[in-house]
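Notes follow the structure.
Protein chains in written order, with the numbering used here: chain C, 184 to 297; chain X, 5 to 111.
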């Protein structure tokens, strides 16, 4: 299957700082990528759709200014958590689809804000 | 939007037993996938199955699109099958996840 790579896998940051998470499609081009958030023992919640060359589409209730998404190329989308607070601590995971078939997911990023 | 419900929420099995996990969805879909989330959080693709039946080793899946449900069968379960199983559906590009079934296989 296709490969989606996410970096870093784990990050600890101080309150008030910003953290950038990268999502790359390694063997295919992706005009669209998706960002999810998962709380412990919970399901994956879609945060936003990342669109190459245009603005991201955010799901209801997701703060655009808190979670900045940039999709600068056909193989890279980034999620920046700005002015992070402890409540932003979570597992963030991205996905992409080669063509119009199944989605593949990155390894995920475990963010801890202290 | 589309609603995805999974059952049961939790399942405990003895090694060697068989199990069936169910996924109900509220509207027609063009994509349905089953995933296994490992202890490190990685989502492992099990099946892409918007309709029909597929088999891969001890696992198989069936989706009856007209009745809006999908089933994941695990036969001769092993302790390594433990973890959370998710069903996810989409009408367009974005996948919506069910709440998952947490499976624990005891030796």
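The C-beta atom is built at its ideal place from N, Cα and C for all residues, glycine as well.
Predicted model, so just to flag it, every value in this text is computed and none were measured.
Residue 99 of chain X is positioned such that its CB atom lies no closer than 9 angstroms to that of residue 188 of chain C.
Taking every protein chain shown into account, the CB of residue 57 of chain X has fewer than 16 other CB atoms within 10 angstroms, so this residue is exposed.
It is roughly 32 angstroms from the alpha-carbon of residue 103 of chain X to the alpha-carbon of residue 255 of chain C. Taking a C-beta distance under 9 angstroms as the contact criterion, residue 87 of chain X and residue 42 of chain X qualify as a contact pair.
No Cβ-Cβ contact shorter than 9 angstroms links residue 17 of chain X with residue 76 of chain X.
For residue 285 of chain C, at least one C-beta of chain X is nearer than 9 angstroms to its own C-beta.
With a contact defined as Cβ atoms closer than 8 angstroms, residue 45 of chain X and residue 291 of chain C qualify at about 4 angstroms. Residues of chain X whose Cβ lies closer than 7 angstroms to the Cβ of residue 291 of chain C are, in chain order, 45, 46. Its chain contains 286 as the residues whose beta carbon lies nearer than 6 angstroms to that of residue 280 of chain C, once the 5 sequence neighbours on both sides are disregarded; these appear in chain order. Under a 10 Å Cβ-count criterion, residue 40 of chain X is classified as buried, with 16 or more other Cβ atoms of the shown protein chains found around its own Cβ.
Runs of the beta strand (DSSP E) spanning 3 or more residues and lying entirely within the region 255 to 285 of chain C occur at 259 to 264, 273 to 279, in chain order. Under the 10 Å beta carbon count, residue 199 of chain C is surrounded by fewer than 16 other beta carbons and is classified as exposed.
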